[in-house]
Structure formats: C-alpha cells, structure tokens
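For reference, the structure discussed in these notes is given below.
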Amino acid sequence: MIDYDPDLDKSKSRGKSAIYRSKDAARAAGPISDPRLKLKPYPTPAASSRKRSSVVLGLLRYSYDANSVGPKPASQILVSGFSKLTLEKTIALQFHKYGDLERVAMQKDPITGASLGMCLIRFKNKTVMTTSKRKEVDLRSGHRSAKKAVTDAVRGKIMVGLDTIKAEYDEEGKIAQKLLDEIQEKQERAAREAKEREEEEKVRRAPPDRYLDEKPRASSFLPTDLPSRRKSLFDMIGSRPYLFISDRYVPVSRVYVQDIKDYLRDYEWTNVYRELAGFYVVFDDLAEAKLCFRHMDGRTMDRLRWRANMSLQLPFVKDSDHTQSSADEHKSKEGGPKKEREGKDPMKDAKDTVLRELRDMLRKDIKARIVPVIYKLLDSASLPAVHAPSVSDTSTTTVISSAAPTSIKTEDVDTFSIDESKTGADIVENRPEELDPSTFNVRQYSGKLPNLPRFRRRNDASSSSNSALKAAIKSKKLAADKKKKKDDKKTRPMTHHLNYFSGDDGDDEDEEEKLDPKATDGDNEEFEDFVSTARSQQGQRRAAVASDIDSRDEDTPMPDIDDVLDTATSSGKTKRKATSKSKAQRPKKLAKIDFTTSEEDEDDELADSATLSHDRPSGTANADQLPTPSEEEDEGFDSLRALYTDDSYWTSTSRLVQRQVEIDKVFDLDGIQSLVADSEDFKFLQAALQSVSPDPDIGNVQFWAWKQKEAKANFYGDLAGTPHRGATRKLVRHEDEFEQFNSTGSARTEGYYRISEADKTEYLEHRKRLRKKKHAAKDNISSRSHRINNRKLAADINLQKQIFSATTDAAADVLRFNMLKKRKKPVRFARSAIHNWGLYAMENIAANDMIIEYVGEVVRQQVADMRERRYLRNGIGSSYLFRIDESTVVDATKRGGIARFINHCCTPSCTAKIIKVEGQKRIVIYALRDIFANEELTYDYKFEREVNSDERIPCLCGAPACKGFLN
Amino acid sequence: MTTVTMSREIVSSFQPSKSFRNHQEGSKITSIDFDDSGSNVICCGDDESLTLYDAKSGKFTRPLYSKKYGCHLARFTHSSTNCIYASTKEDDTIRYLSLHDSSYIRYFKGHKQKVIGLEMSPSDDRFLSSSLDGTIRLWDLKSQHSQGLLTIPTPAFVAFDPSGVVFAAGCEATGEILLYDMRNYDREPFEVFSIESLQQTDNGQIPTQWSKLEFSNDGKTILVATQSAAHYLIDAFTGQTIMRFTGHPPALFTPERQFSSSGNTCLSPDGRFVFSGSHDKKLYIWDIQSPIRDGAQRPIKSFESRSSISSIAFNPRHAMLAAADEDLSFWLPDPATVDKAK
C-alpha cells in the first residue's frame, strides 16, 4: 500500500517517487476485521453510484431507426367502411392531411376486379435533416401520420361521403390479405355449393322453370325419404295460399326461416316453412298473398345476394286463379316506405306519381314552349286585317315606340301621338326611318315589358294613315317576337313572362285568348293595365320632358348646336329634329332601366348610359345636349344645361357620374364666346340664330351665362384642384417639361397652394432622373435573361474546357484565368461624388451577379504594412490594400485592376466576397441588388472600428443610413 | 422520467430493440460498460476500437480508435466523458482517456502481462486492475503511481462491494474468493471463502473457469459466473453457496479469442435477476426468488438473440440490457407488457 504519492500529496515534501508502506508497518496496524460490519446500514453507495440497488428503474423507449430490431412501426393502415363506389382519389384526399401518402391501394376482388370497400394506405416517411446536417429518412414519420389517422378514425372523425371510416394498422397488409382470402373463400364456397346444387338439381330433375306447379309436381321432386314430412307440410298448409321460394334462388342451406320472415316482415303471412325444395310462406288471406307476391317477387334480399323469385301457390281448390306469371314479373319502382302500404298499392302509387309528374311536365312544357309561340303569334297577329277593327274599337291600343319602325320605306309622315295621360297630347312628328335591327330591338323593350312608358296612338290623328300604321305595327311586332326570342329570354325568364299573364286578373281568359288572334287587343290592354302603375311615374316624367322640348327657348344657341351635332351623327336620310331624336332615344334608355327595376339606380344608369352611348364628336365648342333625364320631376328635358347650372346636382349626386363626364362634355360657354371674335362674327351668329326662339327657362341671360361659367369652373376645380376659368385648353403635359396650368397665366397671381407629389416628379431634377430609371428598368434585361446568358456562358466554358483539357495544361490555365474575366461586367471609372474616383456600371446589373474581380499583387501582411507606410510617405492618400485573410493582402496600388476604384458606402450596392478559385483566394465583387447603368458601384469596406477619433476616416457616401465614418 | 418496476413479467418481456454493428466485420466486442448515470455505453472491440452509444436514445454516438495500443475492458470513470481501458498491444498499460477530446489523461503503468480485470470503485476515484502476471493493483485516477500491489498465486477476478470498502479477488485455480479491506489491502485478506462447488472440476479434470465476479448491489451476495454449466451465488459474508444457476450450455472453449470477455453474466440492479448470454444465441434469465429445484435454479426464460452473447451488462439506472458479441444489442422490456404492468 502506498504511503506517499507525489501526485496526490500537494506538499511533495517526501520527494518525487512514491513511497510504499512496508509489510511490517502494515502488520503493525493491527488485526483486520470485516469493514462492512462496521457500516450500518450496509451497503451505503453514493446516490450517483452505479452500484446502487434499485427495483424501480427508468423506462426507455427507443424511437425506430435503422438500428432498430423488430417490426417497423406501422405506416400502413387498412381503411374500410366506405362505399364500394368510392374512388381511391377520394380516400387519398381524406388522408392526405395526415401526411404524404406513399401508396393508396384500393383492395379489389381478385376475380371481378371490383372494389371491396377496403383500402390500404401507406404513409411516406419524411426526409429530415439531422443535427449533423445529414439527410436522413425519419422512419417514424409515416407511423406518426398513420397513428393520427387511426386515432381520428377511432374517434369517428374521418368521413368519406356519408360513411364513417374504420382504420387500423396493417403494416404488412396481413389484415387486408386475410379479408381478401375470406372473400375469396366465400366465393369459392358459393361456387362449389352452386355446383353441388346444380348437380343435385340434375339428379332431382328439377323443373326447368322457376315456378313450381302445385302439389303433384312439387312432390315429384321431393326426396322420397321425406314423404311424411312433406305430407305433413301440405297438411299444415292446407287450403291456404302460399308463396314458394325455390331453393334455386334462395338457398335453403344458407338462409334461415327468420331471414325470410324478416324479409317479408311487412306482409301478414301466417307461417314460413323451410323445406329442402325451398321456403313456403303461408298466408291466411289470398289477397295478402297476392299483394306480397306482386311486391316482393323478384326482389333481392340479404344485401343483394339472393333474388327472391317466388311463385304464388294458390290452394288447389282455386286452381284457376293460379298465377304463374313469369312474364308479368314486374319490377316496380322502389316505392315509398313499406309501412305506408296499408290501403295503397305501391305500384298504383308509382303509376299515379309517374302520370302526375308527366302531366306536370307536359303542362310546364306547354307553358314554356308552346304558349310563348302561340302568344307570339297572337302578338304579331295584330295583322292589319284583324287588327284594324280592333284598333277602332279600343281607344287605348298601344303603339309601343315613338319611332315606329317600318321595314317599308315610306315617305309619308306617320304621326304618332304621345299619349300623355295627365297632360294633353302633343304631337310629335316622326319620320319613319330605316332602322337597323339592333336599335329596333332595343326599342321594342318598351313595348314588351312592364314598367315601360308607352306611346299610345291617338285615334283621330292616325285615321288617315291607318294602313301604314298597321304595317308599322305589324312589322314592329314581328320584330318584337324575334327579339323576344333572342333577348327576352335571356333577360327575363319565360316564367316571368307567363306569370305576368297569369298574375293578371284575366288569367284564364288570357290563356284562352292567346289562341284567338282577335283577342290581341284585349291582351295588350291588359298588358298595359298591368304596366300602368309602374308607368305612371315614367309617364309623368316623360310628359315633363316632352313639354320641355316643346317649350324650348329659341333664343339660346343650344338648339342650333344640337342640330349641327345631329346632322353630323345621324344618317343623311334622317331629317328629324334633334329633339325628336333625343326623344326617340329616351325610351331606349328607359327600356334599359326596366331591367334594373331598382328605382334608386335609375338615375345613375341613365347618366351612365347617356355618357357612354353618346360619343359625339366634339365640334367647335362642345355644347353637348345629352338627353340625360333629370332627377327632379319638374326639370326639363334640357336638363343638361340645368345639370351644369345646378351645382347642387353634382354635389348631391356625387356618384360615379361626375367622374365619368369628360372634360370635353362640359358646356364651355367661354369657348363658344371666344369663337365670336368680333362684331362681324356676332352678326353672322345672330343671323344664324334668327330662327331659334329663346328658351324661357333661361330667364335672365346674364345670370344664366354666369351660372354656366361657374359650373364649368367648379367642374375643373374638382378635376384639377384649381378653378379654371376661361376657354378650355388642352392640358398638355410634356415628357420633360412640366407645365403648371395657371388660369391667370402667372403663378405669382395664384397665391400659395400645394403642388401634389405626383406633379413634383415632373419637374424636380432628381425625381425626373428616378422616373427615367424606372422607365429604363422596364425595358431592361431581367435577371432571368441574365441567368439564361450565364447558363449559355457556362455551357460555352464547359465546352472550351473539354477542348482545352484535351490539349495542354497551360491552355487550361489560360482558360481558368479567363473564366473569371469572362463573367466580368462592363464597368468604367470616373470621378465620384464620394471620393475622387469611383467605379460605374455601364449596363444594368442584376442582383447577385459577379461584377469584377479585385486584382492586385498578393503580398504578405508584413509587406503590406511596409508598403502602406511607404505609400503614405510618398503621398498616395488612397489605400488600395485589400485583406484576404490574416496573412495575405492584395495590393492594387501600383499594379491592379480598376476594381480598386470602388468606393465605400454604408448602404452599398455590391459586396466583396473572397472565393477560392483553383485553391487560390480571390476577391470578387458581386452585386447586392439590381444596379442600373451609370450607377456608382459601392461596397462596404468593413474597416475595423477605430476608437481613436484621430484615426477615424469620415465617410462621404451620403447614404441615408451613413454611419459617418469608414472605421 | 417514466419508470418501471422490475418484476418477473417485465424481465421476461425483454426483447432486443436495437442492434449495432459498428466494429469491424468479424471482430468481437469484448467488453461493455455503462456510466454511472446509465446513459452512456462504451464498448471495446478486438478491432482496436472503442464505440460509444447513447443508451437513452439507443443511438450510436461515435467510434474511438486505439489502434496503436489496442483496447480491452473499457470502464467509465465516475464521469461519463472519461474512461480507463487496458492496452492489449505494445505494453499492458492502463490508459485514462478523455472521451470528449480523445486525449489520454494518464497512463497507469505497472502490469507486466495482460490485464484481465478492471473495476472502478463505486465510491471514489480508485480502481483495481488484475493481470495475468498474478498481481492486482490499486490505482488512483489522479496518480500515475500504483496505490497498491497485491500478489496472488493465480490470475484473479476483482470486484468491489457496493460501498467500496471491500474488494473481492477471485482465484479460479484455487476456487477461493479473497476479501480485502480497501484500507489494508497490502495485508492478508480478512476473509477467504473457499468454495467447494467451484473447486470441483467438471468431469473431475479441468478446474472451472470463471468469467466474472460481481457483488450484488445489496452487497449481500457475490455472483460467480463461470464458463461451465453453472453460475454460483455466494453469500458475501459467509461464503456459502446460496444457489446454482443451471440450464444453459457451458461456454465453448474458444482458443481463437485473444482475451476473455468482461463476462457474459450480470445481475440486475435490484440483485434479483441473473442474466447470462451464451454462444447458442440465447439469453437466459434466472430469478433468484423462484424456488430451487434439484439444488439449482432453472432459467425462468431464455430469449432468442440474433447472435451469440459473450458480454453482457445491465444498465444501472434503466431497465435496459446491453449484450454483445459480434454485434451490440440493446434490450428493452416490451412496451405492451410495461403498459400492462402499470
């Protein structure tokens, strides 16, 4: 035993070598006893000791990995319980949420290939990155997915269609195989049994047909060893009727009596007997037996396995009644629930239902298809011959459109009256014109649909030209029908149309009358009546409009301008007055309104349609007479004037309308006035306007003119932010030259106002540049094309490389050298705002592209230090030393590339990377972001921070985030 | 940490859960050792490499190579980052290795022949080594000097009692177990058990070869594992043979083996179960509490293993067993049984 150990004894007082106890000294220590006995309790191992006795031990669970022994955690599950019609896809979709699926295998019948309603799903194991950055397949991930799926399935959470799915682990597919085997076995057994039965049948010489005759025949095939029982059976049956279900169809060996009883549970059978030949269902009541037979014969039972073909056996007393109807085996529709059977014959029910439905369908069809045709015929049946008398009869015959179209070109003037229900009649002359179908069609709406304003023919006025009118009406109606076919259906369902008639008072009449062409008028009348409510408002409005038209002040220049416009737009043949045209357009617009029945939208729509449909060429001055209806009832048809006059209109109806009115459309009185340059012009103007009577609405002409101008000024004020007075000018904006439009012509007289940011871009220098850049960027090479180029280049280099490698090593070196060079971007150096020289891009450079290599002499640190001092001494203020690593520096001062000119910036456009090329460290500048041509290239010098303020180099990069110093 | 109470059911449900083959093809694992926390395993292979495993997650950590010196009987010190192992080449030095930087902390030189036993004291940093040169040396991890030298006539197996106050040296040639006091072990043993059953030779000729000497954790018994058809449980105080474990095939005499394994038998931490692997690819378990029939315990269960088992060790903290020969396998109780036991 050691006495002194220099390693353990800190004092080391007894030398460097260990001193051991001598035997004698040991012996002198006295007798030894068992030291364990002195320890109470014994043993006393430390808590951390591995020799501590413990019954309770930690439980370890190892996750499955490549080293694991034993079965893999199941990542495959067997899903069942869904419909056999379910597709694999549907299942996959359901289970995809638990994890990626490796395999979805619907289990199929090996013979028929039909789905068995089972599906094996294997979840994929994910590939994960381990802590040591290795890709590894997580063998448990699939199991986790499977587990989730199974858990959810157990909770009944997974549904496919309406079925709740069952899921269980089936890693090896054993369960699925077992089930498959079972099914197969079942099939085999069934086949075997069928075969056996067949043979039996053969032996027994079973009757060829499926219906059995009565007793004598039935007994003939019965096994002879059961005569007594057989006899007793028929004794039991006695004279009661019974249904016989042959063993051939429902195997006696596999179906129990109870099954049959269940199957026929809805019928009041007395008893069911099971015999070798089949089942006997005995009834007390013949009617019930018949009913049962009728309903249940040929139906399938026990989940489609058996087709329970029956034969009804009547008591042989009533032999004549025997039904042996294989022919009338009727597969009636699956009727209602069986419990409703009482007192009802499902078949009759079904028949009734079918008939009823057919009837309904027929009715519907008639309504939908035939009636409209008839109606059309009737409608257009206001043929002259038929219609003429009725016209004279009824004073309220409708003439639908004011501009009654005619295919017949007549020079005669058809006079229509606008039947103003409230006000009197004003005759508006209308020249029949050759209308193109489209406008024609549009107009027809007014006649065809409710809510429309109508023009009624005045009896007396039209009497002279009756035939022409009739012709007009006829053609119009025909067209209307045509139109209906085309458009009406789309816009308005036929049912509406029909409902309209049926909804009316004279519903029945109507339908009947349609057949009678003579009844058209009455029809139309009703039509009109129906419309009347909706119409009244419109009518009123129209009345107002009409009166306005007539009472137009001739003094104003307006009508003239209107005329000019009209002649310009309308065809040469049209000799209508502008007012009439605008009126003609009016119903068209109203017709449009009718499809949007909402009253609120009306005005918007009107204004919209007005603005959109009238693209009139702005002539001299644009006094556009938009036939926009006014909002207020009492406003005139020349509401446009009021529109601009009345500010409140714009403010109150501050809707989209306002924005959509183009500048040109604003009534520019100033413009008109400016046209009249001198007294001579004025004279001519006066002469021209001689025929025009002044508009009484205008009243005080001075005031009206002022109002016009103000309205315009306000309009521009809204538009441009500054009220614009004077004649309208085109606001021309040049690309480079910003022109601030001042109404007074001088900015100084305008006072202070804010110029919008967008405007500032137009003339502020730096923003202009920015804008240009933006434009330039658009048509520049994208980074994508850059990549393509680079790829091409790479392929090129590879090709070259191959060639060179075949030749010499020296050539390869050249190539290597060139590889860096070739990727270089065109750059140039020029004076810089940051520091005396700078490097500029000569073309646009995409982010992450290599720009240039920092080339210079590669020197050691010591050499670099020395050189730096020398350069300082020689007065070279700029430092072109670039450190690669601790011991290497690239000196580009005397020999080096132009990369040395790149300046520092705190928000740099480039970055310097040290990359290894062929084992050598090279400094390469890469673009940090997209760099535009002529932009200065900068990168962060990343100088070490100096504490000493004297040694700090101020940064002049001017970036917003400039730190102020380079170091 | 979830725990499990060691019971016959649990023990009977042990099954291999992991299997590793991180040593060279054809080489054998000669020793297994757990660290104090039972979370690390170190194995020595005769391919001169050591392998480390994480026992808790059942994963291979990394290999260590000792190509120059060879390795045998690697034992964790009380730190799981250090180990000692015996060289098999060049000399018979015991090396103290830091695992985290793979550097040797100390060499313990002294043995003249192969070290056949190496045991850390459960209570302090001292450890015992026995060698074929007939000596047992006591060392301290902090000192390169042998703390004590004991010369016994035949190569011996050494074992510490759970308190670390006593150690046993088993001489297979004489069939004796010598108990020494740690404080006075340069003197004669305070107790010498002469075990008759171990002195008897199989078939009257060859003396029973031992393979391991181990104190149970309650300190009351000593397990003497042999290479014959029986293992013995000896009373640690009286030296009486308590029971004999039979029912397993005797170890094969394998002359191609360079060194004996660290023992194919071990006790569970509660001292109730004896595990023994054998070359017939089976793991046998005896339950000390089961009744003795014909003067010997029969295994309560024998498990099929994937390979033969020459070394075995039970995790001191977890219900886990490591068994090795050509490959290392970690055995765990069956989760289903554990769940049922709860």
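Protein sequence lines, in the order shown, are assigned to chains A and B.
Numbering-wise, the numbering used here puts 622 at position 622 of the first sequence, and it's gapless, one number per residue.
Numbering-wise, the numbering used here puts 1084 at position 84 of the second sequence, and it's gapless, one number per residue.
All C-beta atoms, glycine included, are put in the ideal place defined by N, C-alpha and C.
Values in this document were obtained by computation on a predicted structure and should not be read as measured data.
So if I threshold CB-CB distances at 7 Å, which residues from the stretch 38-49 of chain A count as touching chain B? L39, Y42, P43, T44, P45, A46, S48, S49
Checking contacts by CB at 8 Å: is N1082 (chain B) closer than that to chain A? no
CA-CA distance, S969 (chain A) and S75 (chain A)? Outside the shown range of chain A (1 to 967) lies residue 969 (chain A), about which nothing can therefore be said.
Between the stretch 1025-1036 of chain B and the stretch 25-44 of chain A, do at least 3 Cβ pairs fall closer than 8 Å? no
Members of the stretch 1038-1067 of chain B that neighbour chain A once the beta carbon cut-off is set at 8 Å: G1038, A1055, K1056, S1057, G1058, K1059, F1060
At a CB distance below 8 Å, what residues from the stretch 50-70 of chain A approach chain B? Give them in sequence order. R50, K51, R52, S53, S54, V55, V56, L57, G58, L59, L60, R61, Y62, S63, D65, N67, S68, V69, G70
Considering only C-alpha positions, which residue in the set B:K1282, B:D1325, B:F1245 is nearest to I1288 (chain B)? B:F1245
So, is G1170 (chain B) buried or exposed, given that buried needs 16 or more other C-beta atoms within 10 angstroms? buried
What distance in whole Å lies between the Cβ atoms of Q313 (chain A) and Y242 (chain A), which are believed to be in contact at a cut-off of 8 Å? Right, their Cβ atoms sit about 5 Å apart.
Counting only C-beta atoms, is R144 (chain A) closer than 8 Å to chain B at any point? no
Can you tell me where the beta strand (DSSP E) holding C119 (chain A) begins and where it ends? 115-123
Can you confirm whether L8 (chain A), when its beta carbon is compared against all beta carbons of chain B, has any partner nearer than 8 Å? yes
Could you name the residues of chain B that S83 (chain A) contacts, counting a contact when the two beta carbons are closer than 8 Å? Per Cβ cutoff of 8 Å: no residues; S83 (chain A) is ~35 Å from chain B at best.
Between I923 (chain A) and I914 (chain A), how many whole angstroms is the CB-CB distance? I'm expecting something under 8 Å. 6 Å
Between L1073 (chain B) and chain A, is any beta-carbon pair separated by less than 8 Å? no
How would you list, in chain order, the residues of chain A whose beta-carbon sits under 7 Å from the beta-carbon of D1091 (chain B)? Simply none; closest approach about 19 Å.
Along the chain, where does the beta strand (DSSP E) that runs through N1082 (chain B) open and close? 1082-1086
Collapsed DSSP secondary structure at F703 (chain A) in the structure displayed: helix
Quick one: measure Cβ to Cβ for P1316 (chain B) and P1250 (chain B), integer angstroms, because I've assumed they're closer than 8 Å. Not really, about 28 Å apart at Cβ, beyond 8 Å.
Give me the Cα-Cα distance between K166 (chain A) and D152 (chain A), rounded to the nearest whole angstrom. 9 Å
G896 (chain A) in three-state terms, based on DSSP: strand
Is the Cβ-Cβ distance between D891 (chain A) and G856 (chain A) less than 8 Å? yes
For a quick check, are the C-beta atoms of I77 (chain A) and V150 (chain A) less than 8 Å apart? The answer is yes: Cβ separation under 8 Å.
Residues near K824 (chain A) in its chain [Cβ-Cβ closer than 8 Å; skip 5 each side]: M850, I851, I852, E853
Let me check understanding here. Comparing Cα to Cα, which of A:T270, A:P251, A:V827 lies closest to R189 (chain A)? A:P251
Would DSSP call E1191 (chain B) helix, strand or coil? strand
Can you pull the chain A residues whose beta carbon is under 7 Å from the beta carbon of E1191 (chain B), in chain order? D34
Would you check if the distance between the CB atom of D1035 (chain B) and the CB atom of S1080 (chain B) is smaller than 8 Å? Going by C-beta atoms, D1035 (chain B) is nearer than 8 Å to S1080 (chain B).
At a Cβ threshold of 8 Å, is A191 (chain A) touching chain B? At least 8 Å separates the CB of A191 (chain A) from every CB of chain B.
Is there a Cβ from chain A that is less than 8 Å from the Cβ of A1319 (chain B)? yes
According to DSSP, A830 (chain A) sits in a beta bridge with which residue or residues? A:G838
Mind listing the chain B neighbours of A18 (chain A)? Cutoff is C-beta to C-beta under 7 Å, in chain order. Chain-ordered, the chain B residues with CB closer than 7 Å to the CB of A18 (chain A) read H1145.
From the beta carbon of D5 (chain A), is the nearest beta carbon of chain B less than 8 Å away? yes
Taking C-beta pairs closer than 7 Å, name the residues in chain A that Q1289 (chain B) reaches, listed in chain order. Neighbours of Q1289 (chain B) on chain A: none; closest Cβ ~12 Å, over 7 Å.
Local Cβ density within 10 Å of D5 (chain A), reported as buried at 16 or more and exposed below that: buried
Give the interface partners of I2 (chain A) over in chain C, defined as CB-CB distance under 7 Å, in chain order. Within the model displayed, chain C is absent; protein chains A and B are what it includes.
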